[in-house]
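Protein sequence lines, in the order shown, are assigned to chains A and B.
Numbering of the first sequence is given in this note's numbering, commencing with residue 1332 and proceeding in unit increments.
Numbering of the second sequence is given in this note's numbering, commencing with residue 174 and proceeding in unit increments.
Glycine is no exception: its CB is placed at the ideal position from the N, C-alpha and C atoms.
Keep in mind it's a predicted model, so treat the numbers as computed, not measured.
Beneath this line is the structure, given in structure tokens, with notes to follow.
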Amino acid sequence: MDPHRKRQTRLVAALTAALLLAGALIYTSFTASTQAREPSQLARSARAGQSYQLTGRVVPGSIHRLGAALLFRVRDRRGGPSIPIRYTGAVPDPFRDGREVIVDVRREGGVFVGERDSLVTKCPSKFSKAESRQT
Amino acid sequence: MPALGRACLILAVGIALYGVVASLYGARARRREWVDSGRRSVYALAGVLTVAFAVLEAAFLRSDFSFEVVAGHSSTTTPIAYRAAALWSSQEGSLLLWVWLLALWSSLILFVTRRRAREVAPYATAVLLGLAAFFAGLAVLMADPFARSSPIPADGVGLNPLLRHPSMMIHPPMLYSGYTLFTVPFAFAVGALITRRLDAEWIAVTRRFALAAWFCLGVGIVLGARWSYVELGWGGYWGWDPVENASLMPWLTGTAFLHSAVIQEKRGMLKVWNVSLVLATGILAVLGTFLVRSGILDSIHAFGASTLGGPFLALIAVMVGGSVALVVSRRAQLRSEHRLDSLASREAAFLLNNLVLIGLCFVILWGTFFPLISEAVTGTKAAVGPPWFDRYIVPLALMLVLLAGIGPVIAWRATSAANLARSFGSPVGVATGLLVVLVAAGVGRPAALAMFCLGAFVAAAVAQEFWRGVGARRAVSGESPSVALAALVRRNRRRYGGYVVHLGIAVLFVGVAASSAFQHARDVRLSPGQSARVGGYDVTYVRPTSRLVGEKISLGAVLDVRRHGRHVATLRPTRGYYPSLDQPGLGAIGRYFDGQATSEVGLKAGPTQDLWTAVEPDLGPLQRFIAAADRRFSNASPDLQGFIIAAIVQRYQDAPPPATFRLIASPLVTWIWIGALIVMAGGIIALWPAPLSLRARARSARAAAPAVSGEPERASA
């Protein structure tokens, strides 16, 4: 095969592979992603069994332990109605009243059950002046 | 003093802007004195920013609360080492650190190249000073580190307890050094594109800075992972958090550049690729800084001040637009001088390695920004989690480790079948042998199995290269093995340092694979005397512990760890509680128990397995005592309040409620840190200056062929 044709073939093969991989990446990211929701949205329209990524603020005074499970309530950053969470798994150190959290949940009856080890608490460590004023 | 610091910052903006104008005018008008003036303005910038940095650092050390930023991030009770580090825990201080480091590195590169790259350097100076003007301008206009407190508080808020870890003193400066050092090759690439001097000179003059950037960023990333593992109480070292990803992306593209730059130096190939990589790395470094401050993505890290997002977006837009325009307009000068001769060559292996690294970077970029992408496409914000990342990262990491073994042993240009057999026979034999042993031992996870075998392949390939190199030297010189090894490395630091890095990467990935695939984790609730089993260990909660150190209440547990009935360790995980400063509704006593908590993990680290333990005491039974104390002792003297707190803490120890424990047994975690240390050692070998005689020879070679790009300067690496 002449060198020019060989280079073209390589280029086409490489581009095809890159396109296929990019397609797979895009497809799987849309199908495997978890919808991000705020507590007020979930309170209105959460479907049972569907997984959501919940982002909100821990209601002060709502944290309780029940055996190995952690019970707490989360509301929107701007306030509004709160929803109950039952979570089991690793609890990050920054977790406490008033902190913003991200947790994957499913609705089971009137409670939202957190996926094990999915709780993330925003660390107030960096650049937290504005944050601490809000809390 | 705040006035002096602010004056220095304003002066810095003025100097930077002057330097941009002087450098550009000098370059366009070919006026050497203006070019020199532009370069000297970088030195002046470094000087005034050093004064500004010193003023702020002194304010932190002296606990001068007339500085608003000191009052907001430090206190008289903050230990002195953490007071020094508190400077970069603030938005304002971290911006000052960024621009100060940028000025220092810029001064260093422009001093080193004052007689080299004469056409490119003025434009590079203008780019570096432009970036400095941007960051110093942000500090002056939007995040003033020298703002005054009004009124001046008697004491400060203190450094966030989560940041009171030795890593706080090194991790952020290393990350920022990495980011700022990567702007040096970025600036010189822009200069080379503007002047169309697209031979390998800009790569040669910035090579060590790119390597230093890669080194510092890598050290920063590993320190962050280690910090997360031992401090944050969740037992992991990497969580695919946007801010973590932001530091990894420029490191990946920087790694790709360090490999592909060798091909341009040796063969005059991949010019478009190299400038694109360097430009992308510089942009990703700024993007990382932007991600931490903009708050556009949900992250474990907080983003209090989001007002800086707009200016950063504008800067990134200018950098992306300018880079694309420059590369497209210079594509004729960026043509390769040679073609790829064979797919069985080191060039091809490096190219593949680059594609894998860019693939990794793209996957991480896509996953990180997917919430924004999904919102733009579907109107709904959605996120991808670690399983999605793992689906792509695992195969790409396997390919990367495979190539880390192929690269060192395959020949340049083309390799015959006989050579391939000679080069790869032993490494493939070692990997195959390990595969047989592991399969026979019943190791069943295919991805982990593959990574173990590829790790062995890399180790064997690297060992073979050292063996052959030492053998060749001994055959010529008759030196002893140790002398021959030292001489071999000394004369080829970049090459053999690189091999050591490859070995370290393989070791690190073996640790990641083992600890991910074979980890055992349990969350258990135990009373004193009760036991739980995890990963072959029997862990018994022996007794609670309690301490009162300064303002910190520390509640914990003594754990007895046994394996096959034999005592192997006694672990003491604790949880520290710092008094709350931001919840005014809490009582005088209650605030000591409801403040920020931090975990001190109980860790039994070993070469084969780590046992990681964290405790979460149940404060529920203490609440009625705390509430009663709040009612009765709110206005009591501090001494009496301290006595009451001590009594409540003692109550916990006397009548301990069940505590929740997280127990994790992870195999080979230690090898992640050992691998990182090996990588660092390799990086230091590669960075270490070559002997004077070799540098002189390299200079002669450059002088003899100033315009020729292709000749390597291996020894001067």
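- In the displayed model, B/G856 falls within a helix according to three-state DSSP.
- The alpha-carbon of B/L776 is positioned some 46 Å away from that of B/C181.
- Where A/Y1418 is concerned, the enclosing beta strand (DSSP E) starts and stops at 1410-1418.
- Note: B/G495 is not bridge-paired with any residue in the DSSP secondary-structure output.
- If you check the CB distance, B/W271 and A/S1360 do not come in under 8 Å.
- Straight through space, the alpha carbons of B/D767 and B/D328 are spaced by roughly 21 Å.
- Annotation for A/Q1384: T1365, A1367, D1435 place their beta carbon closer than 6 Å to its own, counting only its chain and skipping 5 residues before and after.
- The continuous alpha helix (DSSP H) containing B/V313 extends over residues 293-314.
- Cβ-Cβ separation between B/A259 and B/H246: approximately 5 Å, consistent with a contact (criterion under 8 Å).
- The C-alpha of B/G532 is placed about 22 Å away from the C-alpha of B/V501.
- Around the beta carbon of B/Y751, 16 or more other beta carbons sit within 10 angstroms, so the residue counts as buried.
- If you look at B/L425, you'll find it in the alpha helix (DSSP H) that goes 415-440.
- The Cβ of A/P1423 sits closer than 8 Å to at least one Cβ of chain B.
- In the structure shown, the three-state DSSP call for A/G1387 is strand.
- Under DSSP, A/H1395 forms a beta bridge with A/L1402.
- Taking C-beta atoms under 8 Å as the contact rule, B/F238 and B/A244 qualify, at a distance of about 4 Å.
- Listed in chain order, the alpha helix (DSSP H) elements of length 4 or more contained wholly in the segment 229-270 of chain B are 241-246, 253-258.
- By a beta-carbon distance limit of 8 Å, B/G455 contacts B/T356. Their separation comes to about 5 Å.
- At least one CB atom of chain A sits nearer than 8 Å to the CB of B/E789.
- About 6 Å separates the Cβ atoms of B/V403 and B/V774, confirming a contact at the 8 Å cut-off.
- The beta carbon of B/S449 does not come within 8 Å of any beta carbon belonging to chain A, so the residue lies off that interface.
- C-alpha of B/S280 to C-alpha of B/V215: approximately 6 Å in a straight line.
- When CB distances to chain A are screened at a threshold of 9 Å, the residues of the segment 556-575 of chain B falling below it are A556, V557, G558, P560, W561, R564, Y565, in chain order.
- Contact of B/R698 with chain A is assigned, a C-beta pair being separated by under 8 Å.
- Within the segment 625-708 of chain B, the complete beta strand (DSSP E) segments of 3 residues or longer fall at 693-699, 704-707, listed in chain order.
- Per the coordinates, the alpha-carbon of B/R595 lies some 26 Å from the alpha-carbon of B/G855.
- For B/W387, there is no enclosing beta strand (DSSP E); the residue is part of the alpha helix (DSSP H) that begins and ends at 374-404.
- With the criterion set as a beta carbon lying under 8 Å from some beta carbon of chain A, the members of the segment 818-841 of chain B are T833, R835, in sequence order.
- Listed along chain A, no residue sits closer than 7 Å to B/K777 by beta-carbon distance, the nearest being about 19 Å off.
- In this chain, B/S810 is not harboured by any alpha helix (DSSP H), its DSSP state being neither H nor E.
- Using a Cβ-Cβ distance cut-off of 8 Å, the segment 201-208 of chain B and the segment 369-389 of chain B are not in contact, since fewer than three pairs of beta carbons, one from each stretch, lie closer than that value.
- When the alpha-carbon of B/A320 is set against those of B/I282, B/E265, B/V293, B/A297, the nearest one is in B/E265.
- Close CB contacts of B/G351 within its chain, under the 6 Å cut and outside five residues either way in sequence, are with A386, C389, L390, G393 (chain order).
- Contacts between A/R1417 and chain B, judged by CB atoms closer than 7 Å, are missing: the closest CB pair is about 14 Å apart.
- Under the three-pair Cβ rule at 8 Å, the segment 836-845 of chain B does not count as touching the segment 661-677 of chain B.
- By the Cβ-count criterion, B/F816 is exposed, with fewer than 16 other Cβ atoms from all chains shown falling within 10 Å of its own Cβ.
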